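Numbering (the working numbering), first residue to last: 1 to 223. A short write-up of the structure that comes next.
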Amino acid sequence: MGVEDIGDERIMIMLALSPALTIIAVIFYFAGGAHKSRGAYVRIHRGTRKLYFVNPRQKRLLVLAWDQLEAVAGYIPIISPSGYFSRHPLYLIGVDYTMNPPSEVCVACGNVGVFTGDQSAKGLWAYLLAFMQNGPEGLPKPALPAPRLSRAQETLKPYRDWYTGLRRKLAQPNGILKAPITIPLWLFLLLIEAYPDSVEAFIQYNVPYAQFPKEIDRLCGFD
């Protein structure tokens, strides 16, 4: 039985049997503000030497001086039934002098580095430094965004990822012997991670990213 054998009917049965989980997932989704924005992009302009960012929750433009930024490779430890791993986003820290009073701002760039540690954050920072110094010449082009999935595919993806991870865990040496411990732990992971992620993917499918002001769109060539 492969991952592709998980049918939509089974997923819908799982959803139908968990009305309380649906309510809990929806409450956390709206409480976290994810219904307003699914995230935000960072824009860096070589001419103004500024970093521009719109906070998804506050909806206001943050402006940081590039030459005063401090870059830090973050460390977020994560323990799950599948084991221990860590995320290492790139944090860019600076002062927004347009705020009253001027305030320190920390912008997290989505370079998580699950498998490469802080090397991914360091690589992204080196890329940004090279761009600000020499422009795009000589730099590899950024990877194209992945094709957008349908709403049904986005909704089912957390379950498929969960199932793939479980099968990989059971396929390890002594995986079957450890199944009495592994399976209950993965069922718990299904409830606290895959299920909420699925509900969020369904609700958030048409939620936009945070929008930049028109003048920033024009400045950065997006208008």
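Cβ coordinates follow ideal geometry from the N, Cα and C atoms, glycine included. Small disclaimer: the values here were computed from a predicted structure and weren't measured.
Nearest residue (CA-CA) to residue i, options the options
i             : options                           : result
tyrosine 209  : Lys59, His45, Lys50 and Met99     : Lys59
proline 184   : Leu92, Gln172 and Leu166          : Leu166
tyrosine 75   : Thr164, Glu104 and His88          : His88
lysine 214    : Asp67, Asn100, Tyr52 and Arg160   : Tyr52
histidine 45  : Lys169, Asp96 and Leu128          : Leu128
arginine 148  : Glu70, Pro142, Lys141 and Lys157  : Lys157
isoleucine 93 : Pro77, Val42, Gly47 and Gly123    : Val42
lysine 122    : Ala71, Ile203, Gln204 and Pro102  : Ala71
leucine 139   : Ala152, Leu124 and Arg151         : Leu124
leucine 90    : Asp223, Ser120, Tyr163 and Asp161 : Ser120
Distance, residue j Cα to residue i Cα
i              : j              : result
threonine 182  : isoleucine 192 : 15 Å
glycine 175    : arginine 168   : 9 Å
valine 54      : glutamate 104  : 15 Å
aspartate 197  : glycine 110    : 18 Å
tyrosine 97    : glutamine 68   : 12 Å
asparagine 134 : glycine 47     : 12 Å
glutamate 137  : alanine 126    : 14 Å
arginine 38    : alanine 146    : 16 Å
glycine 221    : proline 173    : 53 Å
alanine 40     : alanine 130    : 23 Å
aspartate 161  : proline 56     : 27 Å
tyrosine 205   : leucine 64     : 31 Å
Those residues which DSSP pairs with residue i across a bridge
i          : result
valine 207 : None; valine 207 has no bridge partner.
serine 150 : For serine 150, which the question treats as bridged, DSSP gives no partner whatsoever.
proline 77 : Ser86
Nonlocal neighbours in the same chain, by C-beta distance under 7 Å from residue i, ignoring five residues either side
i             : result
tryptophan 66 : Ile44, Arg49, Lys50, Leu51 and Met132
aspartate 118 : Ala73 and His88
leucine 219   : His45
alanine 171   : none
Close-in-space but distant-in-sequence residues of the same chain around residue i (CB under 6 Å, 5 per side omitted)
i           : result
alanine 201 : Glu154 and Thr155
proline 81  : With a pLDDT of 48 at proline 81, under the threshold of 50, the predicted position of this residue should be treated as unreliable, and no value is reported.
proline 180 : none
valine 207  : Arg38
Chain B contact for residue i (CB, 9 Å cutoff)
i         : result
valine 63 : In summary, chain B is missing from the structure at hand, where a single protein chain is found.
Jot down the residue ranges of each uninterrupted alpha helix (DSSP H) in the region 92-144, minimum 4 residues, whole runs only, in chain order. 119-134
Which residue spans inside the region 33-74 form an unbroken beta strand (DSSP E) run of at least 3? 42-45, 50-54, 61-65 and 70-73
Unbroken stretches of the alpha helix (DSSP H), 4 residues or longer, contained in the region 155-221: 179-189, 195-203 and 214-219
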